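The block underneath contains the structure these notes are about, expressed in structure tokens.
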Amino acid sequence: MASSLSSRTFKDKIFEHVVKKPSESRPAETDHQLYVLQSLILNTLDERRTTRVDPQDEDSMGKISDLRRIAFDSDGGAFSFGSSLELNGGGKKEKPNCSRDYQRLGFQNDINPTQDFRDTPPGILALDCMYYLATNHVELYNKIVLETACRGTGDECPFARSSIALTSVLCDILCIGETPKEQEGKFYTFFFQHK
1 MASSLSSRTF KDKIFEHVVK KPSESRPAET DHQLYVLQSL ILNTLDERRT
51 TRVDPQDEDS MGKISDLRRI AFDSDGGAFS FGSSLELNGG GKKEKPNCSR
101 DYQRLGFQND INPTQDFRDT PPGILALDCM YYLATNHVEL YNKIVLETAC
151 RGTGDECPFA RSSIALTSVL CDILCIGETP KEQEGKFYTF FFQHK
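Counting in UniProt numbering, the sequence shown runs from 1 upward without gaps.
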């Protein structure tokens with residue numbers, strides 16, 4: 001049931017038939033029910049928010065590796081670092097330096113980036129958000145990584161640390177994991193417009 005409530009089709013129907021109408025013509029109770037629905041859907045993320053990344057979890061490790069690969073591998077990434085390796089065909093391919101790449105991505109622990117997700121919240125939800133950006137908005141992700149990796153010392157706003165902190169702040173603002181309030185609460189129109 002939770003997956004059907006948070007499905008794109010369901011949200012589109014709510015947006016088209018309820019949210020899109022002028023707020024003056026909507027009863028206050030409808031706004032409150034939209035807030036409750038929003039809260040319940042967001043609370044489906046609570047388990048991810050309170051779960052640490054397990055260093056043995058292949059899915060999480062794959063996501064972290066993909067973050068590095070998308071940003072730094074020479075086949076479409078923002079830029080590539082490392083020393084060259086000679087290929088059999090005589091061409092050159094960059095040798096990945098994962099530790100340096102993880103550092104440039106902004107992980108505090110560049111040897112084991114899973115340690116950056118040990119605090120809950122935001123837990124594995126922060127990794128999910130970072131991965132979503134990297135895989136669904138590749139150009140924007142590469143631009144952000146490139147800009148943050150090239151800043152001088154003192155002007156740093158590292159992607160990984162910033163993403164983890166931002167996810168934590170958003171969890172607080174959106175009250176993820178909290179029971180919806182009985183009388184008050186605000187629903188956000190954008191919530192019903194995006195994935």
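Glycine included, C-beta positions come from ideal geometry on N, C-alpha and C.
Computed from a predicted structure; not experimentally measured.
Query: Closest Cα partner of S4 within the set I41, E16, V36 and K20; Result: I41
Query: Top-ranked residue by Cα proximity to R178, from L140, Y141, G62 and N43; Result: For the record, residue 178 in the displayed sequence is Glu; it is not Arg. Selected option, being the one with the closest Cα: N43.
Query: Cβ-based neighbour list, S23, same chain, cut-off 8 angstroms, excluding 5 preceding and 5 following; Result: D31
Query: C-alpha distance - G123 paired with R161, whole-angstrom precision; Result: 13 angstroms
Query: Neighbour-count burial assignment, K63, 16 or more Cβ in a 10 Å radius; Result: buried
Query: L67 versus A134 - alpha carbon distance; Result: 6 angstroms
Query: Reduced DSSP category for Q56 - H, G, I as helix; E, B as strand; rest coil; Result: coil
Query: Proximity winner among P158, Q33 and D54, relative to E182 (alpha-carbon distances); Result: Q33
Query: Where the alpha helix (DSSP H) containing R8 begins and where it ends; Result: R8 to I14
Query: R8 versus V19 - alpha carbon distance; Result: 15 angstroms
Query: Sequence-distant residues of the same chain with beta carbon closer than 6 angstroms to C175, five excluded per side; Result: none
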